[in-house]
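Residue numbers (my numbering): 7 to 119. Glycine residues also receive a C-beta, built at the ideal position from the N, C-alpha and C atoms.
Right, here's the structure in full:
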């Protein structure tokens, strides 16, 4: 997955801990997979995915954002429904938001020290 690869390449410049890099990769993969499976399910053509990452002091923040239909329960979900739970387990904090212009934004924060 391109999003995971790009974030890991960038994160390696800031993180030496292999376990933390693995957690970051898992969280980004799960957030991006949610976009692929759920964000554009009501549209004939899928939309985009934006990943932003930043380091400040002792933490890294990663945001995965889409412009899809937003968070909604899905009884026909093709996934197991574990993605957000996995993100919550591996990140030091996480939050799911609906931006003003729609879509879904998953914010993840990882302590570097």
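Original post:
Exposed or buried, what is residue 106 when buried is set at 16 or more other beta-carbons lying within 10 Å of its beta-carbon?
Top reply: exposed
**OP:** Going by CA-CA distance only, name the one from 58, 49 and 51 that's closest to residue 37.
**Re:** 58
Subject >> Per-residue burial, residue 6 [other beta carbons within 10 Å of its own, 16 or more giving buried] >> reply: Residue coverage of the chain in this structure runs from 7 to 119, which leaves residue 6 outside it and unanswerable.
Original post:
Taking the C-alpha atoms as reference points, what is the distance between residue 46 and residue 39?
Top reply: 12 Å
Original post:
By the 10 Å Cβ neighbour count, where 16 or more other Cβ atoms means buried, how is residue 71 classified, buried or exposed?
Top reply: buried
Original post:
Thinking C-alpha only, which one of 13, 62, 33 and 14 is nearest residue 101?
Top reply: 33
Original post:
What are the boundary residues of the alpha helix (DSSP H) that includes residue 35?
Top reply: 24–40
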